[in-house]
Each structure stands twice: as C-alpha cells, then as structure tokens.
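Taking it in order: structure first as structure tokens, then the write-up.
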Amino acid sequence: MSIWEYANPKKFLDWTAPVMRWSFVLAALTLGTGLIWGFFFTPEADKFGSTVKIIYVHVPSAFLAINAWIMMLVTSLIWLVRRHHVSALAAKAAAPVGMVMTLIALFTGAVWGQPMWGTWWEWDPRLTSFLILFLFYLGYQALWAAIEDPDTAADLTSVLCIVGSVFAVLSRYAVLFWNQGLHQGASLSMDKEEHVADVYYQPLLLAMAGFVLLFVALVLLRTRTEIRLRRAGALENRARNV
Amino acid sequence: MKALLIRDLRLAVRAGGGFGLGLAFFLIVIVLVPFGVGPETSLLRPIAPGILWVAALLAALLSLDRIFALDHEDGSLGLLATSPLPMEAATLVKAVAHWVTTGLPLTLAAPVLGVLLNLAPAAYGPMLVSLALGTPALSMIGTFGAALTVGIRRGGLLLSLIVLPLYVPTLIFGAEAVRRAADGLDYATPLMMLAAITAGTFALLPFASAAALKMNLR
C-alpha cells in the first residue's frame, strides 16, 4: 500500500468524485462569504477608496496563477519519473485554469491601476513577469494541442514545463534588474508586520481559501474529463481494429 | 562532432540552406524601423539598442526550424541517434552550427546597421560584445525549441510561440547593456548576466534538447 495507488485511473476517479463535490460546495461557501463580506462589510481605505476591494479577487488569482504552474511542474516531474498517466493529465488540466487565473490577475490589476496609478499598464517587474507567465501558459497549451500521440505530448510538455519554470524565474529577476517597480510588495506573508489591516485580512483569507478550493475542484473536474476522454479514445480504437 | 559540425555548416552555406537569409531579414527589419517611426535621428538614437537586439532575435528565430526539420525528414536524425555520438553532443553541435551561420554574421553586421539607426558612438563596442555573448544563447534555446517541435508538421508558428518567451531574459540583458553604454553608464553587470545565461543554457539545455529529441524519435 503506497500513496501511488491513488494514481491508478480507476481509483483516482473513485476517490476524487466526493473530493471534487465537496470542494465545489466549500468553494461556493467560502468564496461567497469572503467576497460578500469583503465587498459590502469592510470600510473603504482612506487612500484607496472602494478600489481596495479588488484585492479579494486580485491577490488570490495571482497566488493561484503562480501555484498552478508549480503544480504543473510537480505533476510533470511525477510523470517523467513514475509514468503515471493521471499525473500528466492533471498537468494538462491545470494549464487552462492557471492561464485564466493569470488573466484575472492581470485584468483586475489593470482595472485597479487605472484610477490608482493613472495607467492601465506599466512595464513594472511584477506585471511584466505575469505577462510572460501568461505567454508560457499559451505555449504550453499549444504544444499539447499540436502533438497527436498522447504519450509523446505528455513527455514533451513536461520537458517544456521544467525548462519554462527555470526561464520564468530567470525572467522575473531579469525584469527586476531592468526596472524598479510601481507594484507594492507582498500583501500577505508569514511576517505579521507586513499584512494589510485586519479588517481586510480576514475576508481576504476566506477569499483565498475559496479560490484554492475552486482551483482544486476545477482541476479535478478537468482531469476526470481527460481520463474519460482517454478511455473513450481507447475504446474507439479497439472498436475500429476489431 | 567535428564531422557533424562541418556537414551542418556545408549544408547551410550551399544553395537552399538559408544562409544569408537571416542576415537579409535582419537588414530589412532595421531598414523598416525608420519608415515606421519616422526618420528623426533624435528619435532613433534612444531606441536603436532595443531595435538592433529585437531584430537580431527575430532573425535568429527565422532559421530555427531548419535545425532539425530537414534531418528529420530524410532520416539522418535517426542515424544520428544511433551513432556513437551522444545526443547531447549532437544537439550542442547543432546549436553551434546554427550560431556560426546566423548569430555570428548578425553580430558582425550589427555595427553597420547601427549607423543606419544613429546608434550612440560609445555603444558600438558593447553592442558587438553583447551580441557575441548573447546570440549563442539564442541559438541554444532555439535548438531546444526545435527539438520539442521537430515531429510537428508546420511547427514553425508553434516554435516561435514557445521560444520567444524563453528569449526574454537574454533580450533584456543584451539590450540593457547596449542602452547603458549608449547613456555612458557602467555596462559590465548586464554583460556578465548575459554571459551567465549563455553559459547556463549551454550547460543545461543540451540535455533537455536531447531528451526531447529522443521522445520525438521513439
């Protein structure tokens, strides 16, 4: 009995069904309370007015945009090392979700930046590296779509994911070197001193949890769909060869 | 390794190899820029370093799909894979051959084109150095992209989508070095970072490229 047993497609479908259902329910609950609390029951910040409330969408989506890529990196490595198909499919499933999170973060950032910084877009290190991350997501998905053989596609996209991670980090430091930014530092960290004020912090945590749960649910849903698609494809092949 | 290098260089130089095409493309892009932004030299001078680097990058991109595509079509890539030469070494040689046929001529031609863009006089030397240091990285990263997409029909567009984001750090440091030199600032740091990127890509990417090639040939 080892943890890898859960990577068996049949078992994976079995145990993820309740997990996915509960993630959706909990995501709806936490996101609902977090966002409603944040949007309607927190005071307006003295310098930012009501625009401060965009933080409840911006920070969680940015957090997930990066962590979705890291999750893809981990599942890609698992695929390359242990050849669990579910792992490769999970990476494939996470890519569009991560890409949408990147877009949400960029969009909410632009909407917030317009009244606050006076510009929709600034070539700031954080903004630029997010744009590059978005391009990485695009290339990754395009490579998946372009290759017919599923195993080769999984292999090659895994390699791209690993190399891309290195270059994404590199780009992050390169743009930092190039331009000192407009974007503020971290709003959340382990260091309590750096946090936003408590009134915003508590609903933000709820919204974060909601986004994470939603991400888990969506990735599970997409992975399950991919597994079933793969099965349907195999059945079709068999039917054709008989 | 030497034999492979000489073979690749010969193939590139002979008719249909595309040698010189990248150079001509580089020239045309540079010539088009003043048509686009207007001929004022005061306008061209500050953007010249960036334009030169972006044009060099696009010219290098143009010939990337040739690195493996032709060998894949006629089966010599399979022969290479079964030869005693490890795939890692083969991809390294391919990258070097690509650099000699595109990066090197681009570097040598850049000062002439710098005149067209009214590049600041102090920036010519650093620009040569930065291109000489940076274009090998472009070739190596491009070889990796070509190895990923070799099995795909009409993979050219996909190749650029994959490779261009990977070019970002090289571009930033390369153009930054030239810009600093043009402004009379110290440009050693970006040059060192550029050299580090080139060294890093040549150390690591042959392994990734060889792995990708093996996956494609399986």
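Chains A and B, in that order, give the protein sequences.
Residue 197 in my numbering sits at position 22 of the first sequence, and the numbers go up by one each step.
Residue 30 in my numbering sits at position 42 of the second sequence, and the numbers go up by one each step.
Cβ coordinates follow ideal geometry from the N, Cα and C atoms, glycine included.
{"Query": "Can you name the residues of chain B whose CB is closer than 9 Å to the CB of A/T327?", "Result": "G139, M203, N204, R206"}
{"Query": "What are the boundary residues of the alpha helix (DSSP H) that B/M(-11) is part of?", "Result": "Segment: none, B/M(-11) is in no alpha helix (DSSP H) and carries neither H nor E."}
{"Query": "Taking a Cβ distance cut-off of 7 Å, strictly less, list which residues of the segment 304 to 328 of chain A are near chain B, in chain order.", "Result": "I307, L310, F311, L313, G314, A317, L318, A321, I322, T327"}
{"Query": "May I ask you to report which of helix, strand or coil DSSP gives A/S251?", "Result": "helix"}
{"Query": "How about B/L154 and B/I129: do their beta carbons lie closer than 8 Å?", "Result": "yes"}
{"Query": "I'd like the ranges of any beta strand (DSSP E) spanning at least 3 consecutive residues and lying wholly in the segment 130 to 187 of chain B.", "Result": "none"}
{"Query": "Comparing the C-beta of B/F56 with each C-beta of chain A, is any distance below 8 Å?", "Result": "no"}
{"Query": "Going straight from the alpha carbon of B/L149 to that of B/Y175, what length do you get?", "Result": "30 Å"}
{"Query": "Within 8 Å (strictly less), CB to CB, does B/F190 reach chain A?", "Result": "no"}
{"Query": "Does A/K367 come within less than 8 Å of chain B when only Cβ atoms are used?", "Result": "Bear in mind that a pLDDT of 47 at A/K367, under 50, signals an unreliable position, so the model cannot answer this."}
{"Query": "Compute the distance between the beta-carbons of B/V166 and B/S118, then report whether it is under 8 Å.", "Result": "yes"}
{"Query": "When DSSP labels each residue in this structure, what does A/D189 get in the three-state scheme?", "Result": "helix"}
{"Query": "Just to confirm, are B/V42 and A/I307 a CB contact at a threshold of 8 Å?", "Result": "no"}
{"Query": "Which residues in chain A have a C-beta closer than 8 Å to the C-beta of B/G91? List them in chain order.", "Result": "Ordered by position in chain A, no residue passes the 8 Å Cβ test against B/G91, which lies about 19 Å from the chain."}
{"Query": "Have a look at A/P300 and A/F282 and give me their C-alpha separation to the nearest angstrom.", "Result": "16 Å"}
{"Query": "Compute the Euclidean distance between the alpha carbons of A/F199 and A/S236, then round it to the nearest angstrom.", "Result": "17 Å"}
{"Query": "Do we get a CB-CB distance below 8 Å when we pair A/F280 with the residues of chain B?", "Result": "The residue you asked about is not Phe; residue 280 of chain A is Ala in the sequence shown. Judged by the 8 Å Cβ criterion, A/A280 is not in contact with chain B."}
{"Query": "Give a yes or no on whether 8 Å exceeds the smallest Cβ distance from A/S364 to chain B.", "Result": "Model confidence at A/S364 stands at a pLDDT of 49, short of 50, so the residue's coordinates are unreliable and nothing is read from them."}
{"Query": "Kindly indicate the opening and closing residues of the alpha helix (DSSP H) around B/K82.", "Result": "75 to 86"}
{"Query": "Determine the burial state of B/E164: buried for a count of at least 16 other Cβ atoms within 10 Å of its Cβ, exposed for fewer.", "Result": "buried"}
{"Query": "Could you tell me which chain A residues have their CB closer than 7 Å to the CB of B/V200, listed as they occur along the chain?", "Result": "With the sequence shown as reference, residue 200 of chain B is identified as Ala, and Val is not the correct amino acid for it. Chain A residues near B/A200: L331, V334."}
{"Query": "Residues in the same chain with beta-carbon distance under 7 Å from A/L388, minus the five sequence neighbours each way, listed in chain order, please.", "Result": "S198, L201, A202, T205"}
{"Query": "Assess, as a yes-or-no matter, whether the segment 245 to 252 of chain A is touched by the segment 260 to 275 of chain A under the definition of 3 or more beta carbon pairs within less than 8 Å.", "Result": "yes"}
{"Query": "For a contact defined as C-beta to C-beta under 9 Å, what are the partners of B/P114 on chain A?", "Result": "None at all; the shortest Cβ gap to chain A is about 16 Å."}
{"Query": "Taking the continuous alpha helix (DSSP H) assigned at B/G24, which residues delimit it?", "Result": "9 to 25"}
{"Query": "Check this for me: beta carbons of A/H233 and A/A280, under 8 Å apart or not?", "Result": "yes"}
{"Query": "In three-state DSSP terms, what is B/H60?", "Result": "helix"}
{"Query": "Let me confirm a value: A/A177 is counted as buried when at least 16 other C-beta atoms fall within 10 Å, else exposed. Which label applies?", "Result": "Sequence inspection shows Ser at residue 177 of chain A; the Ala mentioned does not correspond to that position. When all chains shown are included, A/S177 counts as exposed."}
{"Query": "Report all residues from its chain with a CB closer than 6 Å to the CB of A/R405; omit the five preceding and five following residues, and keep chain order.", "Result": "none"}
{"Query": "Please name the residue, chosen from B/L40, B/L(-3), B/D(-4), that lies closest to B/I16 on a Cα-to-Cα basis.", "Result": "B/L40"}
{"Query": "Going along chain E, which residues have a C-beta under 8 Å from A/A349?", "Result": "Annotation note: the requested chain E is absent from the structure, which comprises protein chains A and B."}
{"Query": "What's the C-alpha gap between B/L(-8) and B/A169?", "Result": "38 Å"}
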